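Some notes on the structure that comes next.
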Amino acid sequence: MAKSFKIEVPKLPLDLEKANFQDVFYEEEPYLSNCIIANTVIDKEVIERLVLSKVIFKNVRFIDISFRKIDLTDVIFENCDLSNSSFSEGIIHRVKFENCKLLGLNLSEANLGNVSFENCIANLCDFSETRLKQVKFVNSSLQGANYYECLLNKVMFYQSDINNVNFSQTSLKGIDISTCKFEKLDVTLESLKGCEVSSEQAVGFASLLGLKVKS
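With positions in the sequence shown counted from 1, the corresponding number in the working numbering is that position plus 5.
Printed below as a string of structure tokens:
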């Protein structure tokens, strides 16, 4: 069992009103709050420094969107498709991604705190040079995701597929990957110091050192 820790969940009022994403353009600054956006497509929007607070996105498909330096606080994405979208350099706090398709989502150089990814397909997701604090990846596919030069603090990878993930220049000290499956990782032995693995995984890593493990 991977080490567990508490993360703060999104704080949302019970009386959220339905809204249209286009409402963001009626504000002096790109800002949207206290609403639910459902069953729609958000297509080819490019907005810098978008602020979203206390918002639920449900069954929303995002197509070719770029929200660089986005500020997300108390937001839930449920059954959404954010494939190939960009939240680069964003500040993402108390956010939940549940049953989402996140293929190639760009989260590079972002700051993530109290964020959960549950039952998501996040293959090829880009977390390069990102700070992750109190973040959980649960029952998700992260094949080929990029965690190059990340800072990981209280990050959980639980029962997820991390095959071909790039952990180059990222310390895995205190990170438990023992419940995850993979055949290959891009990682250095230095980065692996202090990482928690299963006995089966340890045999695989030992082979990198040219060791032969006797049963």
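For glycine and all other residues, C-beta sits at the position ideal for the given N, C-alpha and C. Since the structure is predicted, the reported quantities are computational estimates derived from the model, not experimental observations.
So what does Ile138 bridge to, in DSSP terms? Position 133 of the sequence shown, counted from the first residue, corresponds to residue 138. With the sequence shown as reference, residue 138 is identified as Lys, and Ile is not the correct amino acid for it. Its beta-bridge partners are Gly118 and Asn158.
With which residues is Glu83 paired in a DSSP beta bridge? As a first step, residue 83 is located in the sequence shown; it is residue number 78 there, counting from the start. For Glu83, which the question treats as bridged, DSSP gives the partners Lys63 and Glu103.
Using the C-alpha atoms, what's the distance from Leu110 back to Gly209? Counting from 1 along the sequence shown, the entry for residue 209 is found at position 204. Counting from 1 along the sequence shown, the entry for residue 110 is found at position 105. When rounded, the distance between both Cα atoms is 30 Å.
If distances are taken between C-alpha atoms only, which option among Lys106, Phe82 and Ser90 comes closest to Arg99? Taking the first residue of the sequence shown as position 1, residue 99 is located at position 94. Looking at the Cα atoms, Phe82 is the closest of the given residues.
Can you find the residues in the same chain that come closer than 7 Å, C-beta to C-beta, to Lys74, ignoring five residues on each side of it along the sequence? Numbered from 1 along the sequence shown, position 69 holds the residue referred to as residue 74. Same-chain partners within the cutoff: Glu53, Arg54, Glu94 and Gly95.
Relative to the C-alpha of Gln206, which candidate in Thr193, Asp86, Asn25 and Ile182 has its C-alpha closest? The sequence position of residue 206 within the sequence shown is 201, counting from 1. The residue with the shortest Cα to Cα distance from Gln206 is Ile182.
Determine which residues share a DSSP beta bridge with Ile22 and list them. Within the sequence shown, residue 22 is the residue found at index 17, counting from 1. With the sequence shown as reference, residue 22 is identified as Glu, and Ile is not the correct amino acid for it. Partner(s): Cys40.
Using a threshold of 7 Å, is the CB atom of Gly95 nearer than that to any non-hydrogen atom of the ligand MN? The ligand MN is absent from the structure shown, which contains no ligand whatsoever.
Straight-line gap, Ile41 to Ala24 (C-alpha atoms, nearest Å): Your numbering for residue 41 matches position 36 in the sequence shown. Your numbering for residue 24 matches position 19 in the sequence shown. Approximately 6 Å, taken between the alpha carbons.
So, with DSSP's three-state summary, where would you put Glu32? In the sequence shown, the residue the question calls residue 32 occupies position 27. The answer is coil: DSSP assigns Glu32 none of H, G, I, E or B.
If you reduce the DSSP assignment to three classes, tell me which class Leu57 lands in. As a first step, residue 57 is located in the sequence shown; it is residue number 52 there, counting from the start. Reduced to three states, the DSSP call for Leu57 is strand.
On the premise that Asn151 lies in contact with Phe122, defined as a C-beta separation below 8 Å, what is that separation, rounded to the nearest angstrom? Within the sequence shown, numbered from 1, the residue matching residue 122 stands at position 117. Within the sequence shown, numbered from 1, the residue matching residue 151 stands at position 146. Contact between Phe122 and Asn151 fails: their C-beta atoms lie close to 15 Å from each other, not under 8 Å.
Starting from Glu188, trace the alpha helix (DSSP H) both ways and give me its first and last residue. Sequence index remark: in the sequence shown, residue 188 carries index 183 (1-based). From DSSP, Glu188 is part of no alpha helix (DSSP H); its letter is neither H nor E.
C-alpha distance - Gln148 paired with Leu77, whole-angstrom precision: In the sequence shown, the residue the question calls residue 148 occupies position 143. In the sequence shown, the residue the question calls residue 77 occupies position 72. Using only the alpha carbons, I get a separation of about 25 Å.
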